[in-house]
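Each residue of the sequence shown is one higher than the one before, counting from 8 in my numbering.
These notes are about the structure you will find just below.
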Amino acid sequence: MTATVVARWPLPLFRATATTAAVLVFAQAALAGGFMAGHFEALAMHSRNGGLVAVVFLGQLVCAVLLWRRGGGPAWPVRTAVLQLVIAAGLIPLGEERVLAVHIPLAVGLSIGTGLLVSWAWRWQR
8 MTATVVARWP LPLFRATATT AAVLVFAQAA LAGGFMAGHF EALAMHSRNG
58 GLVAVVFLGQ LVCAVLLWRR GGGPAWPVRT AVLQLVIAAG LIPLGEERVL
108 AVHIPLAVGL SIGTGLLVSW AWRWQR
């Protein structure tokens with residue numbers, strides 16, 4: 008019987024990407040609020056940050072796969088990361104087209120899910 012070697016390095020990478028994603032997602036809410044408060048330049052920053060959020064979610068997906076396959080982690084964070092990436096990518100055209108009745112509730116859900124995932128990432132241990 009062969010023992011499975013579990014690498015330690017995927018967990019800190021996953022934690023780093025999940026934390027970065029959480030910071031950027033919550034910055035999105037602040038930038039949207041700034042725009043609604045009359046700071047119109049915040050909308051351009053919100054747009055640029057949205058693209059960055061999607062890129063970080065892609066990195067988080069890679070790290071979730073590494074955590075699962077190499078780090079002995081569960082598979083569900085991979086599914087969650089895929090869902091986050093799809094939602095973030097979908098939010099971009101919805102925001103550009105000002106479909107706010109869909110954009111805002113999806114963004115709120117994404118924020119909640121991102122907060123829950125980063126919380127799990129820092130509590131989980133092998």
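All residues carry an ideal CB built from backbone N, CA and C; glycine is no exception.
Separation of Thr121 and Leu65 (C-alpha to C-alpha, rounded to the nearest whole angstrom) is 13 Å.
The residue from Ile119, Leu73 and Glu103 with its alpha-carbon nearest to that of Arg55 is Glu103. With a cut-off of 8 Å on Cβ pairs, the segment 69-84 is not in contact with the segment 29-38, counting fewer than three such pairs. Your pair Thr24 and Gln67 checks out as a contact, with CB atoms roughly 4 Å apart and the cut at 8 Å.
Annotated three-state conformation of Gly80 is coil, per DSSP.
9 Å or more divides the Cβ of Leu123 from the Cβ of Gly57. By alpha-carbon distance to Ala29, the top candidate from Trp131, Ser118, Arg133 and Trp129 is Ser118. In the DSSP assignment, Phe21 falls within the unbroken alpha helix (DSSP H) covering Pro17 to Met43.
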